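Going by the numbering used here, the letters in the sequence shown line up with residues 24 to 448, in that order. Here is the structure we will look at, set down as structure tokens.
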Amino acid sequence: MNRNDKTARIAHVFSGTFVHSTLRAAVEILQNCVLGVDDKGKIAFIENHQDVVSLSEIWGFETSDIKQLGQYEFLMPGMVDTHIHASQYSYTGTALDLPLLEWLNTYTFPVEAKYKDLDFANNVYTKVVRRTLKNGTTTACYFATIHTDASLLLGELADSFGQRALVGKVCMDCNSAYPNVKPVVTPRFAPSCSSSLLSELGEIANNNKLHIQSHISENKEEVELVKTLFPDCKSYTDVYLKHNLLTDKTVMAHGCHLTDEELEIFRETGSAISHCPNSNISICSGMLNVRNILNHKVKLGLGTDVAGGYSPSMLDAMRRTIDTSKALTIQDPQHKTLSFEEVFRLATLGGSEALSLDDQIGNFVVGKEFDALRVNVCVPDGPIDLFPGECPKVILEKFLNLGDDRNITEVYVAGRQVVPFPDTK
Numbered sequence: 024m025n026r027n028d029k030t031a032r033i034a035h036v037f038s039g040t041f042v043h044s045t046l047r048a049a050v051e052i053l054q055n056c057v058l059g060v061d062d063k064g065k066i067a068f069i070e071n072h073q074d075v076v077s078l079s080e081i082w083g084f085e086t087s088d089i090k091q092l093g094q095y096e097f098l099m100p101g102m103v104d105t106h107i108h109a110s111q112y113s114y115t116g117t118a119l120d121l122p123l124l125e126w127l128n129t130y131t132f133p134v135e136a137k138y139k140d141l142d143f144a145n146n147v148y149t150k151v152v153r154r155t156l157k158n159g160t161t162t163a164c165y166f167a168t169i170h171t172d173a174s175l176l177l178g179e180l181a182d183s184f185g186q187r188a189l190v191g192k193v194c195m196d197c198n199s200a201y202p203n204v205k206p207v208v209t210p211r212f213a214p215s216c217s218s219s220l221l222s223e224l225g226e227i228a229n230n231n232k233l234h235i236q237s238h239i240s241e242n243k244e245e246v247e248l249v250k251t252l253f254p255d256c257k258s259y260t261d262v263y264l265k266h267n268l269l270t271d272k273t274v275m276a277h278g279c280h281l282t283d284e285e286l287e288i289f290r291e292t293g294s295a296i297s298h299c300p301n302s303n304i305s306i307c308s309g310m311l312n313v314r315n316i317l318n319h320k321v322k323l324g325l326g327t328d329v330a331g332g333y334s335p336s337m338l339d340a341m342r343r344t345i346d347t348s349k350a351l352t353i354q355d356p357q358h359k360t361l362s363f364e365e366v367f368r369l370a371t372l373g374g375s376e377a378l379s380l381d382d383q384i385g386n387f388v389v390g391k392e393f394d395a396l397r398v399n400v401c402v403p404d405g406p407i408d409l410f411p412g413e414c415p416k417v418i419l420e421k422f423l424n425l426g427d428d429r430n431i432t433e434v435y436v437a438g439r440q441v442v443p444f445p446d447t448k
């Protein structure tokens, strides 16, 4: 192999088993391999372990510096939460007794008003960033609030803890503040925005090539409300399309009740959907048919949708995705249930595609940034029991179905180890 970047030095070398997704394979397991990360946080090489001596000579690292993964350990890409309300984290696990529109008025809006108080914001935002990182979320697409100072604080905290983030307050002065934190244009959803505001936001996003996030077709009552508020539009999707808010950098949460015609618009514009199954069930919004979305070749990632979803863990999002798919199969035996391999892909590479970051993150491809989790399925007093003869794919499946943050022993973002946190080492 040729070393392309003569200026890069190797910061980390790992040896063992690596699990990721590619365009061809939902799960690819690479055993007895070595992976090198340069001091710019990018993957320099991933090769068979038998080449380690020649790699050390080419890249100038000592074989004694290699981090050897154990028999029941593997590295996987960091998980991508494509939709999470950081501002709702304080009441996660509660307030799940109302449908969407009542839920917003009763619980969400009163809490979000508190974010004018930066002490309150700092407390909640610190906890949500730490919690999601511990659970393996290396990239989070956050909704904040209408408060600019608090939204900037969320960006600052994500940067200080090392999390890659999109922060949902239109704040053009933070575009270059932190290398891994970007603003994302965020109309809450069509019912809370006038046509003129939607047009302004579409113009801002397109003129500055910014990401866009919002909600769409979460529940039927909301869909009917949009019809009355925007009578000149053919559909909920048409509202966003006419205001130039559907681009290849757009991610829309939920989409439970989108028609096939609307999905074609998503495919044509390159816009993505964030599937939030915990929230969809918890506040009785609907069940997204992910298979149909994939059949339409629409980009799709997973989201926790805290606090409509009661868990900040992307492992939970994967499990609820499979549960929802199985419920749809119960309703229609012709429905093809999602496999755990497909859902693993959605939580990693699929999420990076949904946020238009797949040129930077999502899997272990040379040149991409090293966002990764070190997983140990055999931690002391952990949630997983192992038995003789279990292959790496079985071990992966057990982690996805049974594992939790105890099994995620190290987290890396852009080559920097961010978990364990410095104050807990």
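Each residue gets a CB set at the ideal place from its N, CA and C atoms; glycine is no exception. Just so you know, these numbers come straight off a predicted model, no measurement behind them.
Could you give the residue range of the beta strand (DSSP E) that holds residue i?
i: R397; result: 395 to 399
i: D104; result: 102 to 108
In the DSSP assignment, what are the bridge partners of residue i?
i: A188; result: A163, V204
i: L323; result: I296
i: V8; result: What is shown of the chain runs 24 to 448, which leaves residue 8 out entirely.
i: V236; result: Note on residue identity: the sequence assigns Gln, not Val, to residue 236. Q236 pairs with V274.
i: M61; result: The sequence shown places Asp at residue 61, rather than the Met named in the question. The partner list for D61 (beta bridge, DSSP) reads I33.
i: C56; result: G39, N71
i: E51; result: H43
i: I66; result: V60
i: E392; result: K65
Alpha carbon to alpha carbon, how far is residue j from residue i? Give it in angstroms, no decimals.
i: G39; j: F363; result: 22 Å
i: S336; j: D408; result: 21 Å
i: W82; j: S375; result: 29 Å
i: N424; j: P300; result: 15 Å
i: G159; j: V329; result: 15 Å
i: K157; j: F253; result: 42 Å
i: G332; j: G324; result: 15 Å
i: S305; j: S297; result: 16 Å
i: I352; j: K359; result: The sequence given here places Thr at residue 352; Ile does not occur at that position. If you take the alpha carbons of T352 and K359, they lie about 7 Å apart.
i: Q383; j: N203; result: 11 Å
i: K192; j: K416; result: 40 Å
i: I239; j: H277; result: 6 Å
i: D339; j: E80; result: 43 Å
i: N399; j: V388; result: 22 Å
i: G293; j: G373; result: 13 Å
i: L220; j: L119; result: 30 Å
i: R187; j: D427; result: 21 Å
i: T149; j: E241; result: 28 Å
i: K139; j: S217; result: 23 Å
i: L419; j: H280; result: 32 Å
i: V249; j: V274; result: 19 Å
i: P100; j: L224; result: 33 Å
i: H35; j: N231; result: 36 Å
i: N198; j: K205; result: With a pLDDT of only 37 at N198, under the threshold of 50, the placement of this residue in the model should not be trusted; the figure read from the coordinates follows. Looking at the two C-alpha atoms, the distance is approximately 6 Å.
i: L317; j: I288; result: 14 Å
i: F422; j: A48; result: 19 Å
i: Y112; j: G405; result: 26 Å
i: T270; j: I235; result: 8 Å
i: L380; j: T161; result: 12 Å
i: K320; j: F84; result: 43 Å
i: T171; j: P133; result: 17 Å
i: H290; j: V442; result: According to the sequence as given, residue 290 is Arg; it is not His. Rounded to the nearest angstrom, the two C-alpha atoms are 37 Å apart.
i: A136; j: A377; result: 30 Å
i: G17; j: F68; result: Outside the shown range of the chain, which is 24 to 448, sits residue 17, and nothing can be said about it.
i: K322; j: L268; result: 16 Å
i: L189; j: V57; result: 31 Å
i: S4; j: T209; result: Residue 4 is absent from the model: the chain starts at 24 and stops at 448.
The alpha helix (DSSP H) with residue i in it runs from where to where?
i: G225; result: 218 to 231
i: I418; result: 415 to 425
i: E247; result: 243 to 252
i: L269; result: Segment: none, L269 is in no alpha helix (DSSP H) and carries neither H nor E.
Cβ contact (3+ pairs, closer than 8 Å) linking the stretch 164 to 172 and the stretch 97 to 111: Segments in contact, yes.
Hey, is the stretch 392 to 400 in contact with the stretch 433 to 443, meaning 3+ C-beta pairs nearer than 8 Å? Result yes; three or more Cβ-Cβ pairs closer than 8 Å.
Give the list of continuous beta strand (DSSP E) stretches no shorter than 3 residues that lie fully inside the stretch 307 to 377. Counting only runs of 3 or more, we get 322 to 325.
Three or more C-beta pairs under 8 Å: does that hold for the stretch 251 to 266 against the stretch 208 to 228? The stretch 251 to 266 makes contact with the stretch 208 to 228: 3 or more CB pairs, one atom from each, lie closer than 8 Å.
Does the stretch 298 to 314 touch the stretch 341 to 359, meaning 3 or more C-beta pairs lie closer than 8 Å? Three or more beta-carbon pairs drawn from the stretch 341 to 359 and the stretch 298 to 314 are found closer than 8 Å, and the two stretches are therefore classed as touching.
Is the stretch 85 to 93 in contact with the stretch 114 to 134, if contact means three or more CB pairs nearer than 8 Å? A contact is defined here as three or more CB-CB pairs under 8 Å, and the stretch 85 to 93 fails this definition with respect to the stretch 114 to 134.
Three-pair Cβ contact test at 8 Å for the stretch 365 to 382 versus the stretch 34 to 54: Counting C-beta pairs closer than 8 Å gives three or more between the stretch 365 to 382 and the stretch 34 to 54, which meets the contact rule.
Please go through the stretch 69 to 152 and give each complete alpha helix (DSSP H) segment of 4 or more residues, from N-terminal end onward. Listed in chain order, the complete alpha helix (DSSP H) runs (minimum 4 residues) inside the stretch 69 to 152 are 75 to 82, 123 to 126, 132 to 135.
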